[in-house]
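All remarks here apply to the structure that follows.
Numbering (our numbering), first residue to last: 45 to 1031.
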């Protein structure tokens, strides 16, 4: 009876039979229903609703059980002819219902409810709706409050209107059941409308909204996920506005919505992405979470301790979905969406667009704004991709920077991956650290590697020089074929040629092809010379690696025609030495040591000065003690007068090559009337004067065991040719250095031991890289390696800059440990004394080496000379600050990438102070040194607070707003009064 079956017309046994058949039909599957319909001559259409087929079978079964008079009454109620036998009447009823079902009319439901008159009305309504035109249907749409949609298929509004007519004929109970079955949202949520509105109308309205949602769901608007029907209407209405726009206007709106411009996207793709934006904007937070999870969007965790309300979370999730949806467009622009914080992607894209509009000078200024020296790039074409890559490095996390290093093959020795990943990004330089953060160090080395790679792939580098800066055309690009010279200083100023001749014009009396060839050769030669000069005075190496001031580039080469026969490296050294080094006079003779010899010539090089001549005896003893042959000792001395002792030794021992130059050692911010050379330049000149295929660095104050050269040479050959060396074949680029050694405090004759790989706990974590690859006293490298990457022309830390340059060029640098049998015998002892320029292993806030060990036997024969040297060493009249203070001087890049600011103290100059009447005790010296270190740390902290470097307070930094030093409301006030406790001040 509940299913509309008139069971009161049958006997009890027939009723039981009908119920059993009903239960059996309801349990049938698709195939069984199809077979049952076929056996009972009931039509079964493809795709027909299974419940409708089951109901039809039950109706036919009941009709065939009805008496003839009742069957005739069923036909009369439906307006059918009652004439014929039972089979004819049943077939007539089946055909009648099949006709209505084919029209989509749920006539059967109305019949079961006894609403036969309503069924006839529904038939008339359906006929009327079928006759309606599309404009009439759209007009009805507007009356119902549904947004007008262009290009709408007529079938959708027709079906919706028919559903409304059907609902209007149902009673309240049927409407409630319809809401419970088809619209659970409407059955749970209070219906729209006033409380006095009839229940029936409210239910019809709820079902109507549900059917509208279903219609929009089929069209891809995801309307069933919206909380309110108004949200769905707004999405559809706004989407129709987008569809009405032209292509140009649509692309403009697409970009205004925060999406990247992408010419590869067609109109259909743009509309689809805009529709997704509209949907996400209207969805509730819960649905956005589901989309983020379904699309695997990498979300950033909320800030620790922050409370995020639903509105803020909705904004964060919406922005992440928008960016992730356009990831293909961002990837085509070179922005790796999966590697940077999603909320930074749009900012990076904006920077990329700005870079495209910048000229060369603006790009250089932007690079300086990042805290990175702009370098000597001359072509905007090569500088633009570098700036884009640099911007990405700025927004990478520390862990992603490590992945970048691994991807480009940069050695990560000295960087603890766990310490780098866990380092707070944007953290200030620690008081006890002498090196910047891991992030700064890694970015500086990535930049160095990128510049080296760009220089190696560039065909020619032909800018114009002006005060150490490059100038070119108005947009910053150098003209093709332009020789490297200063503005206004044409080739005529350099070698006497006219400007048009330098530009490739033929000279009088010469064929045009010959003149062009000569000009082209000269331009290439000049470019190579400038390339060497710019590398040795690279501001990135100086300020970001060595952390000392960079020297400006010369304005012009100033080389005559006779000097243009020199090799580019010779010419570069001649220019940087202020024309003191003359390759025609100082060029070493060709090496004859390797001719017919199984072993290669090793050149031991040592730059020294007049103030260190009491160490020369120790230097010679260490060289003479070496068992390896053939070898030579190249000494580059500077000062007012040459060393008579070394001159005598060079005459007695032909292996000693002594060169004296009347120049002063360069000191930061100390001017002198004489020409000055930096320590890096002196090392380069010593390497140039060396004839050996392998070059070994000896410091004049260190101790070297007799087997040192032999042992290091074997390690160097292994690094240069891992598969074994070939006699007569020149060694390829390679270098080696010790990772453990002994130390010697000459004042106390106390030995120690340092192992950079195992004693990491005693080394500041940020200093591990510099300690591992620094300490040039044990450098051992091939001449080919030095020719590719000379020492930077700096006063301090030139050894670190040299090795980082080798690593940037993918030249292998082997870290050598002491021989295993026996290790305590000793190989090198790095000394510390009152005039040391290094020796941080035995000084500082704590001793970083294992002190008090027994004297290694290898140094026993040298101790007599050491004691003699110590007796001759003069005690400074004033306590000299440590070498760590010597290295720091002001930079034009006031950032942590550069060195800390300079401490102007007269005590820097040995013997300048005259206020100390008596020699200080060791305790007084240590106390004064600690005071100087404390002032240095206070000065560093003050610099960080007043001039916080880029990029770590740059808007691109993903964690900039999390650190107090990055607050935008912080005003940079005047300098604090002298003596203020800066360590307790707030940034």
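Note that CB positions come from ideal geometry on N, CA and C, so glycine has one too.
The structure presented is a predicted model; accordingly, all values stated were derived computationally and were not measured.
So does residue i have its beta carbon nearer than 7 Å to some heavy atom of the ligand ATP?
{"i": "residue 737", "result": "Ligands in the displayed structure: none, and consequently the ligand ATP is not present."}
Out of the options, point me to the one whose CA is closest to residue i's CA.
{"i": "residue 622", "options": "718, 338, 420, 281", "result": "718"}
{"i": "residue 819", "options": "803, 798, 482", "result": "798"}
{"i": "residue 743", "options": "830, 872, 63, 627", "result": "872"}
{"i": "residue 854", "options": "203, 806, 763, 63", "result": "763"}
{"i": "residue 375", "options": "333, 278, 273, 436", "result": "436"}
{"i": "residue 93", "options": "75, 107, 721, 106", "result": "75"}
{"i": "residue 170", "options": "423, 212, 59, 371", "result": "212"}
{"i": "residue 706", "options": "699, 387, 687, 724", "result": "687"}
{"i": "residue 88", "options": "900, 142, 122, 131", "result": "142"}
{"i": "residue 800", "options": "754, 830, 862", "result": "862"}
{"i": "residue 98", "options": "120, 126, 73, 69", "result": "69"}
{"i": "residue 244", "options": "223, 613, 263", "result": "223"}
{"i": "residue 362", "options": "344, 351, 378", "result": "344"}
{"i": "residue 442", "options": "77, 357, 431, 481", "result": "481"}
{"i": "residue 898", "options": "262, 314, 795", "result": "795"}
{"i": "residue 848", "options": "809, 315, 586, 748", "result": "586"}
{"i": "residue 571", "options": "499, 452, 629, 605", "result": "499"}
{"i": "residue 452", "options": "494, 59, 359", "result": "494"}
{"i": "residue 463", "options": "813, 61, 837", "result": "813"}
{"i": "residue 484", "options": "276, 716, 496, 434", "result": "434"}
{"i": "residue 749", "options": "904, 606, 653", "result": "904"}
{"i": "residue 824", "options": "874, 564, 753, 789", "result": "753"}
{"i": "residue 29", "options": "609, 704, 690", "result": "Look at the range of the chain in this structure, 45 to 1031, and you will see that residue 29 is not part of it."}
{"i": "residue 670", "options": "685, 659, 648", "result": "648"}
To the nearest whole angstrom, what separates the beta carbons of residue i and residue j, a pair I think is in contact under 8 Å?
{"i": "residue 783", "j": "residue 857", "result": "Going by Cβ atoms, the distance from residue 783 to residue 857 rounds to 11 Å, so no, they are not a contact pair."}
{"i": "residue 402", "j": "residue 410", "result": "7 Å"}
{"i": "residue 492", "j": "residue 448", "result": "Wrong, their Cβ atoms sit about 13 Å apart, outside the cutoff."}
{"i": "residue 727", "j": "residue 651", "result": "6 Å"}
{"i": "residue 659", "j": "residue 392", "result": "Incorrect: roughly 54 Å between the Cβ atoms, too far for contact."}
With burial defined as no fewer than 16 other Cβ atoms inside 10 Å of the residue's Cβ, what is the status of residue i: buried or exposed?
{"i": "residue 303", "result": "buried"}
{"i": "residue 870", "result": "buried"}
{"i": "residue 1051", "result": "The structure shown does not extend to residue 1051, since the chain is modelled only from 45 through 1031, so no value can be given for it."}
{"i": "residue 876", "result": "buried"}
{"i": "residue 576", "result": "buried"}
{"i": "residue 746", "result": "buried"}
{"i": "residue 132", "result": "exposed"}
{"i": "residue 37", "result": "There is no way to answer for residue 37, as the model of the chain reaches only from 45 to 1031."}
{"i": "residue 558", "result": "exposed"}
{"i": "residue 57", "result": "exposed"}
{"i": "residue 112", "result": "exposed"}
{"i": "residue 900", "result": "buried"}
{"i": "residue 642", "result": "exposed"}
{"i": "residue 254", "result": "buried"}
{"i": "residue 933", "result": "In this predicted model, residue 933 has a pLDDT of only 37, less than 50, meaning its place in the structure is not dependable; the value taken from the coordinates is given anyway. Result: buried."}
{"i": "residue 249", "result": "buried"}
Is the beta carbon of residue i sitting closer than 8 Å to the one on residue j?
{"i": "residue 591", "j": "residue 811", "result": "no"}
{"i": "residue 678", "j": "residue 730", "result": "yes"}
{"i": "residue 821", "j": "residue 833", "result": "no"}
{"i": "residue 488", "j": "residue 619", "result": "no"}
{"i": "residue 198", "j": "residue 178", "result": "yes"}
{"i": "residue 86", "j": "residue 134", "result": "no"}
{"i": "residue 759", "j": "residue 780", "result": "yes"}
{"i": "residue 851", "j": "residue 455", "result": "yes"}
{"i": "residue 317", "j": "residue 364", "result": "no"}
{"i": "residue 694", "j": "residue 839", "result": "no"}
{"i": "residue 278", "j": "residue 326", "result": "yes"}
{"i": "residue 373", "j": "residue 306", "result": "yes"}
{"i": "residue 738", "j": "residue 777", "result": "no"}
{"i": "residue 432", "j": "residue 378", "result": "yes"}
Length at least 4, wholly inside the stretch 778-866: the alpha helix (DSSP H) runs in chain order: With a minimum length of 4 residues, the continuous alpha helix (DSSP H) runs that stay inside the stretch 778-866 are 812-817, 827-832, 842-852.
Length-filtered (4 minimum) alpha helix (DSSP H) runs lying within the stretch 57-142: Complete alpha helix (DSSP H) runs here, min 4: 74-83, 94-109, 112-121.
Entirely enclosed alpha helix (DSSP H) segments - the stretch 264-304, minimum 4 residues: Correct list: 273-288, 291-300.
Those runs of the alpha helix (DSSP H) which lie wholly inside the stretch 592-677 and span at least 4 residues: As far as the stretch 592-677 is concerned, its whole alpha helix (DSSP H) runs of at least 4 residues are 612-620, 627-630, 660-669.
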